Each structure stands twice: as C-alpha cells, then as structure tokens.
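A quick write-up on the structure given underneath.
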Amino acid sequence: MEGRLVRNYIVNLGETSGEASSVLKEIIEGIDLGQTTLLNLVQALEEFLTNDDNSLRAKGTNLLSTVLAACSKEQVNSKAVSVLLGFYSDRLTDASCLHELLKGLLALQRFKWFGSSASVKSAESIFASVDMNTLTQATRHVVFQILYGLLENHITSIKTMKEQFVTGYLNIMDGEKDPRNLILAFKSVKIIIDNFDITNQVESLFEVTFCYFPITFKPPPGDPYGITASDLKLALRQCLAATPLFAKHSMPLLLDKLMSTSGNAQLDSLETLAQCIPVYGAESIESHVLELRAALEDELLELPPVEMENIVMSVIIVLVRTLANSEQTDKQVLMEFINQNIQDSMDAFNEAVVPKPRAVGKLLRATASGSTLSNRKVVESIVPFLTDLYGRIEFTAKKNIILETLLDLIEANRELYSIGDSQSNPAGESTPLIAFKDKLFEIYSSALKSSNEHNELRSVGLRGLCAMVLVDQLLSDNEAGVAVQHIDSALFDEISQSISQEALDSLNSIAPLRPYVIRNITLHDVLSVLPDTNVEVSLGQRKKIEKSLKYIESICIEPVLFEAATSSLLQYFEKYTAEARSDGTLPFLVLSTIRAILKTKYSKGHSDISLVLNSLVTHLYSIAISNAIENHQSLLADTNILTEIAKISNLVFRSLDAQEQTLFIEKVFEVFYKGNTNSVVFNIATLGATEFYPLKPSSSLAQTNLSILFTSILCCLRKEVAIPVADVSGFLSELLESAMSSDNLFQRLSLAQCVGSIVNKWTSASDFEGFVKGDINKLREILLHAEDIALRVKALEILQWVSRALVLRTHSAGFQLATDMCGLLNQAQLGKQVANGFETLIGDNEWVLDKSSFCTVRLLHKQRFFNHCLPMILDGFTNSPEGVKENYLIALSQILVSVPKQVLLSSISSLLPLLLSSLNFPEAGLKASTLHTLSILIEETPQLVTEHVSTILPLLLQLTLRESSNSMVVRINALKCLSLVAGKIPYDVLHPYKSQILKELLKPVDDTKRIVRKEAVICRNRWFMLTGPPTQ
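Here it is as structure tokens:
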C-alpha cells in the first residue's frame, strides 16, 4: 500500500490536479492512526531516496520531510530520530535536494527524542556542509530556522560547542540581506551573546551585526510577511545593547552616525544609545561623554519634533543615571557634564532675549531627571538664579519663559522622587525643591492671579501650582490645600474657558494622589454653588449649577471622592424633593450627576461601586416607596426623576457579583411583588400595613410609576441568578396581564422590559418554547386581528420589547414578530408607531436588554435582522400608497443608524433611492437620521454617490435653510454632507454646480444659530477652495 501511495505522490507532485496533496494527507493519516509506520514509509521510499535522478531524489526526500513535519509526535521514537538524523546530516552535500533535507532536519526538532547529541550533530553538519552563498533565500531561511530552534530549545547542549558554534554562526550570517532571515539572525545573535563566552570573538560579532546599522528597509506594498523596519531595528538594537564588550566599538560609530545623519537614521542612533548606555556602563562611555553632550545639546537647540526631543531627553537621562550610579568611577565627568549644562542655560537667560527657551528648559529637565545627585546640583544652582531673575524683570514673555523652565524642573522632581521609584532614588531622599518651595509657591500663585490679558502667564502659574502639589513630600496637606484653593478660583473663571479647563485638568491630576484635599476644599467649593432649597433659578444660575455638577462628574471618580460626592448630592436631592415645588430641574440634575459618575466608574471597572448599594440605592428606593405608599404627589412621583433613580440602581446592581445580586433581588421581590412593606432593607417598616403593589395596574399612579425601579434591578440580573419565584412562566403571564390591563404607559413599558429581559436570558428550553407558543402568540393575535385599537397598541408596545429580546438571541420567533411589524407599516392607525418602534427592536440601549446587562447577544444578530427586514421594507415602500410610504422610510432609518457600516454598504445600490426620498418628507427625525446615513455613503462609496449628485445637491441645499421642518440638527448634518461632497466627489463632476452652491450657502451663513453659521462657513470654505481642471 505504501509503495502505491509513494509512487502516486512522486508522479503527481508538481501537477495542478491536487492528487499529490490528497496522497500526502492519506499517508499522514495512516501513520497517525497506526495503520502504517514511518519505517514502512522510508522502506517504500528507498528506491527514490537513492535514485541517481536528481529530480526523483528531491521528490522522495520532500515527501519524507513533509510527512515528518506533519505527523503526530507520538509516532516517531528515538531510534527513528537517530536514523533520520544520520540520513539527513550525511546528505547535506547533495545540492539537488538540500532544501528538502534541511526541511527534514527542521522537522526533527519537533520530537522529544531530539536530544543533546542530535542538536550538536545538526549544527556541526550545517557548519561543515552548507555554503550559504550558493543558496536561495527560501533555503537560507530554513537554515536560520534550524539554528534559531537549536539556540532557543537546546541551548545547554549547543553551549558545549563553545567557539565552534559562534564561529560557525558568524559564517552562516555573514552577508545575509533578506529581512526574514535577518530577524532570526539578530534574535540568534542576542542568545549567543547572552549564553556564550564571546571574549575572543567580540570584534567579529560586532562587525557582523553593526554593518546593518542603521536599518533602511522599506517593506514592499502588500508584503505578506509583515516584517517592518521597526521589527528589524528593535531586533538589531537588542544585539548592540546585549553586552558591554561592544562599547569600545559601538560608541564612536554611534556618535558619528548621530552627528553626520538626520531624520530616521539620527532617531535610530539616539534610540540605540538610550538602550546601550546603561548596558555599556560608566567606565566604557566616560571618554565619550562630553562629545555626546555637545551633540545632544545641539540637537535640542534645533527645536526638533516632539518625538525626537523626547528621545534626546531620554538619552541625557540614562547618561546621567549611568554615570551617577557607577561605583567604579569618580563623578568628575558627571559633574563636568552637569556644570556645562547649567552654565549654558544661565548664559542663555542672561541674554536680553532667551534663545531657544524650550530647548533650555528641556536640557535642564533631562539633566535633573537623571539622578538625585544631578537633580540637587541643578536645582540648587538654577532655581535661586531664575527666581531672582524673575523678580528683577518686567518683560512678561521672559517671565513666562522662566516659569516654564522652573516648571520643567518641578516636573523632573515629580518623576524622580515619586513613591517607590528605587531605581532613580535608591536612598529615598527628599526633593531639594523644599528649600525653595515658598518662593516658587509665591511666584506661581501670583502668576495665576495676573490680569486676564496675560493668559499664558496665568496658565503656567496654574500648571506650576499643580505640579508642586504632585511632587511627593514637597507640600504639606495644608499647603496643598492653599494651592488647590488657588486652582479652584481659576476653575470658575468666567472670562477664559481655557484657564477653566486647565484648572479642571489640574484637579483631575491631583485627585488620585491627594483625594482628601480635593474632598475638603474643591468638592466643598463646587457644591456651594448649589442652592440649599429647590428655588426657581435663572438661566445664568442654571448654567453655573450645571457647570459645577460637570466638575463633580469629572473630579469625583476616586473612591474617597466618589463616596463624599454621592453622600452630599443625595442630601441635596432629599432637600429638593422634600419641598412641594413642582419644578424637578434641580433634583434631576443632581441624580444625573450621580449617574454620570457611576457610568464612568463602571466603564473603568472600579470595584467600589457595589459599596453604595445600601447608602445610595436602597436609600433612594426607600424614600421613593415611602412617598408612593403615602400617595404624595411630590417630585418623587415624577417619571423623569424615577427613570434616573432606576438607571443609577441599574449601574450599581450590575456591579454586584452573583451572590450579592441573589440576596438583594430576594428583598426586591419581597417588597415589589409580594407587597411586604415591613422590609428592613428598605427602611419602610414604620409605615404600617398600607398596601404596596406597584406591579398591579389597579394601584395608584404614584405606585405604578415605581414599577421602573423593579425593572431596573430585574433587567440586569446575571444569568446564573435565579428569579425568586416558583413558576417563571406563571410570573411572566402575570406581568403580561398587568401590562395589558394597565392604562399607565410608564408602567406598561417597564413591565414589557421586564418580560423581555427574562425571555432573553431564559435557559429552560421547554418552558421557554411553551411561553412563546402560548402567551406570545396570544399577543400576536391581538396585535394583528383585534378590533379594539387600544388593545392593539398595548400589544404592540409589549411585543416590541419581546421581539428585541428574541432577536438578540436570534430566535426564530423574534424574526416572525419582525415580519409582523413590517406588515403593519402600511396601516394608517398603527403604522407610524410601528415604524418608530424599530429603534426598540434593533437600536442600542445602554441600560436594558444589552450585553452589559448580561443579556444573550448573538454575533451578527443585527446583520440577520437587516437582511430579514430590508426586502419587506423595500417591497412595501414600492407598493404602498403615498399616505404610508413615510412609515417605511422611518423604519428603514431606524435600522440603518443601528447596523454596522459594512452591512449598510453591502446594500447601498438598493438603499440610495429610498434615502433620497426620505429627504423630501417633513419628519425632522427622519431627515436627521437619513443625513447621518448619507454621510457614511459619501465617505465610503463616493463613486456611487457621484451618479446621483444632480439630485443630492439641491436636496442638501434645501435642508440647510431655516424652515419649520429643518431642525438645527438637520441643517448642521446637511452642511456636513455638503462639505463631504466637496472633499470626496471629483472636481470635474462638481464644477458645474460650484457657483450656485457658493451663492446658496450665503443663506445658512446668516442662520440665527451660531453653531449652524460656524458649520456653514466651514462648508463654504471647502467649496470655495475646490479647484481643478473642469470637464472639457
């Protein structure tokens, strides 16, 4: 059998029929299944492996090596490895099948029986028999793979070869140019340097690697191997920085490259120096320090790009650190380096106008960042010099330069004396800035208080105070508090928005490190803007309150601040809702702020969210339940307020683990479902035996509105948490009956969301299918066939959420409901409501029936929904009367804004005519969503839009006008689309329309809304700059 398969393979190898591949697969499967052995294959191949015909010999060897590389490792024993190793090693002089032989040697490394002697013999055979100069790239690549594998996996054995291996590898690598091979070569050299005694071969190793520096490789377009210049540079840099023995050869050459080249080569030299200097050590680099210092200073004075500037600074830092940490050398060279930098900087500041001030500051900062020794020397020399100079000059620009330079030194101290940085500050010293902190504090705080026309000075004053607070142990808590007070004063700057934003950024930087200072001062200052009672506020007061609450959102993310902020805001909320006023603005803003903080913390994965379950969630629930039981018509019955409470509880509850959720959901069911108002958890026991059944439609409005608080908890249950009822199907039937009986839309939708969430997460297949075929089908019948329109509307509202739940898990019943919805679009009574409901079916929702609420969300569910509904919508639009066509367009727009862009583009040819029709309808929401979709099409498929440009341009111009159906959002989106057209459509197509477009755009330039005018100016400039050869 083996003989037949072998001959079949040999005959068909190289043919296009694929027969050889099939035979190869059959051979490998036979060996893996134990139907034959590798020894049998070798015996069957004997006539080909020893054949005088080069081609037949190569084919036979190729089959053996390919099988060896693919067969199961368990099918090859130690004897087979030994025999095959001898076979491959002895025949490496056979040039006609060398590539196939090397593939076999590489394959042998897979097996556990490939041990010490085998690895040595492989290397010796390659060094003795392989001449790399005569081989193709592919064959050389196999050689490099073999040797890299030996170094990576058999280093202990290979080390016994000592200099023999190093010399052999250098010969193999010499002259290699292919990037795929060089990557392996550089990695191998790094292993050799790390594991071999290279004392006698340092120069040879250095020459064979440094000759590739700097790397100038540019991968060809569409390179399938994915090797980049960065990969090669990093691998080569690892070699050059692998041993201090390279220093005497490397440093002069790197300096020469640094001073004689520019651009990427210069950047590469700097990055290599930054990595090499710590390895080479002080003794090796001392003789080059002053030459390197001059080169680095010159580079900074050239005001290089930020990337180059940063790497120059990093070289200075590692240079100073290496010299300072050395115990083998004195510090004379280091002190000369530091003193020269200090002197050059002082000379620059003594001139009337400081030349290259940024460079001076960065030079000092890098020098001061290298070590505590250099930092102390720079600070003690420069800080008194600059603070004295600052007091003697009047020129604002120079004052600003001095403050920026001092800020660079503060930042250097912040980095150097950070807690736990034992590398840069091993002795745990205190910053030398302590001696000058009073003077620095004085000049930065006075700069911040400068008049408003000196915003640059105020900005650096603000940043300076912030930096001082952040330097470890520089300021006491009281001093930090004074600095924060100054920053707070800038926070409420009503003249300069940029200063206010910088103050907020500063406080955000301080908050994680000094949370108690922020809590005691900033939080107090910001909260003081809020009125103590729910009074009517003017528009200006409201804006100031909203700004203050935004500051709390931004600053109070850290645990200490989060706890303090939520506690304080909750107190304000209780004050506002305790009053009889009907204006819910202030309590709503307070709750929105708490929710925004929670949302940020949730997105960051903070673990302390769950800690506010009792202090925040249960407290809000308690006062809301108490109000509903007593039937007070206070703000706590307002649906907007309750929705915010629900979203807050949702964010907290989804942060709980399964055990915590289980305990809490039982208490929620006890109160909301069973009506047990004696719950200790919600602190409502004192209210007696008053009934509380918010899920029943017969309850008061104040109680039924609270159904959303039940929903918010139930909707984010983890799948492993059981609903505390004996019969889930029966519970769902109760909820559906309550929803269908309720005249309270708010309660109906809350109960529908509850049902949808349970249906989506339901794991019992039989109960689930029974519920769908029973209760859901009854609702379908009501929706499709009931005579009472009110009943049909209720069924629609519920089924939209159930359909969403089913579509998310790609259940067929969900798509059946979607078909029903599409069929209802042509109805005059229900069509518009059905169309708007498509947002519920497929749109994103951040707090119910989404992935973050632990729902089942199948891959590609949106694509399936789109492909299911699109043909029905297109057909319905084509065949429906004019009065209901808009319904189809609204439904389509709801789908298009929700599906991935790739799905949208796949059907663009059939969608574009409908989109253009949508722009003619008066519905503002429809036009806004259509314009959003159209902008994607212009961006991604301009060639298709080009065909319709004569239709699109007049429509877009019409939508830029201030008419009743053109909302501000519509006008802005239309102008953005026109700007995109100018940037994406060829000039020869747009040329005939340019003058008319420019004329018509004068109208939105005079729009009453500033934001529209701004977009119109941008758009008109794009069209004005549109130039090119017109169509002949």
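Counting in this note's numbering, the final residue of the sequence shown is number 1034, and the numbers go up one at a time with none missing. From the three backbone atoms N, C-alpha and C, an ideal C-beta is built for every residue, glycine too. Since we're looking at a predicted model, the values are computed, not measured.
Where residue i sits in the DSSP three-state scheme
i     : result
K189  : helix
W849  : coil
H143  : helix
A1    : The question about residue 1 has no answer, for the chain in this structure spans 3 to 1034.
L689  : At L689 the pLDDT is 49, less than 50, meaning the model places this residue with poor confidence and gives no usable figure here.
W115  : coil
L70   : helix
F856  : coil
K1011 : coil
R811  : coil
W764  : coil
Q635  : coil
N14   : helix
R516  : coil
H787  : helix
C99   : helix
E205  : helix
Q503  : helix
N968  : coil
K903  : helix
E723  : The residue you asked about is not Glu; residue 723 is Val in the sequence shown. It is coil, neither helix nor strand.
F215  : coil
S605  : helix
R656  : coil
Beta-carbon proximity list for residue i, same chain, < 8 Å, skipping 5 on both sides
i    : result
R416 : A469, L472, V473 and D474
L269 : E309, M310 and I313
D852 : D846 and V859
N56  : S98 and C99
Cβ-heavy atom distance, residue i to the ligand NAD, below 7 Å
i    : result
L303 : With respect to the ligand NAD, the structure offers nothing, as it holds no ligand at all.
Beta-carbon contacts of residue i that lie in its chain and below 7 Å, excluding the five residues immediately before and after
i    : result
L450 : R460, G463, L464, L467, H488 and A492
A284 : T324, L325, S328, Q330 and T331
V320 : A276, I279 and P280
L563 : A513, P517, I520, R521, L525 and I557
L571 : V592, T595 and I596
L365 : E299, L302, N343 and S347
Short Cβ contact (8 Å threshold) for residue i with residue j
i     : j     : result
L391  : F443  : no
V1007 : R1024 : no
I710  : V757  : no
D769  : V730  : yes
P386  : F438  : yes
S931  : V899  : yes
Y989  : L946  : no
I436  : L408  : no
I512  : G483  : no
S124  : S84   : no
F748  : T821  : no
C871  : K763  : no
I157  : I193  : yes
T374  : L418  : yes
L70   : A109  : yes
R806  : T765  : no
A244  : I195  : yes
Top-ranked residue by Cα proximity to residue i, from the options
i     : options                   : result
L618  : G586, L980, I791 and A567 : A567
R360  : E299, E329, S328 and V320 : E299
A830  : L593, D176 and S882       : S882
I554  : G542, T602 and R239       : T602
L1036 : L375, L917 and A626       : Not covered by the structure: residue 1036. The range shown for the chain is 3 to 1034.
V537  : Y574, A505 and I501       : Y574
F219  : I229, V210 and A72        : I229
Residues near residue i by beta carbon distance below 6 Å, same chain, minus five either side
i    : result
Y890 : L827, I875, G878 and F879
G422 : Because G422 sits at a pLDDT of 43, beneath the cut-off of 50, its placement in the model cannot be relied upon, and the point is left open.
H950 : none
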